[in-house]
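Heads up: the sequence shown begins at 53 in the numbering used here, then just goes up one per residue.
A virtual CB, placed ideally from N, CA and C, is assigned to each residue, including glycine.
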Amino acid sequence: MLMNTMPPPIPPHQEEARVQAVVTIGHFLEGLGEPGWRSVLFGWLARYDGLETYLYAEDDPVISVRNLLAHYVEALKPAEPGQLAADLSDLPFCRYRAKRRDGKKWEPLTETFTAFCEGVTVEVWESEGPYPRREVLQNWLLTQFCTAQIGSRRG
């Protein structure tokens, strides 16, 4: 369990890897013929921004999503929305939880990690399963994807 008022800075090489991963995620989605996921994934990842300072580099949300999409590209696997949402909700960073000294727990689908941590000490730990539950995450991701698809058709 890590407790800190200010998270440790991530090393410059990890920050560079994160920036490159963001670019690569966009390229992978284009290559998979699924650019509609772009806004969904970046919106979702933004909710976890800052959490990477508490995690092992390999559990970094941006790196994890990039690695998952790389797997899809390498396997020439189509990014079927239901399967992609299931795979995304299974990524290691989805198991991390946080709470403040006042007992308030972080709800990733309603508040960004950065906003949750602002000015307070937080405790971060890894739970056994994703939080919110895998099905909740999957449904949320699919709802966001469908909303983005409808919005782009109206566009």
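Our two residues, Ser179 and Gly85, have alpha carbons roughly 34 Å apart in a direct line.
Annotated as distal: Leu161 and Pro130, with beta-carbon spacing of 8 Å or more. CA-CA distance, Gln72 to Leu140, rounds to 19 Å. Burial state of Glu170 is exposed, judged by a 10 Å Cβ sphere holding fewer than 16 other Cβ atoms.
Contact annotation: Ala200 and Gly88 have beta-carbon atoms nearer than 8 Å.
Secondary structure note for Val117: its alpha helix (DSSP H) is the uninterrupted segment Pro113 to Glu126. For Arg153, no pairing in a beta bridge is given by DSSP.
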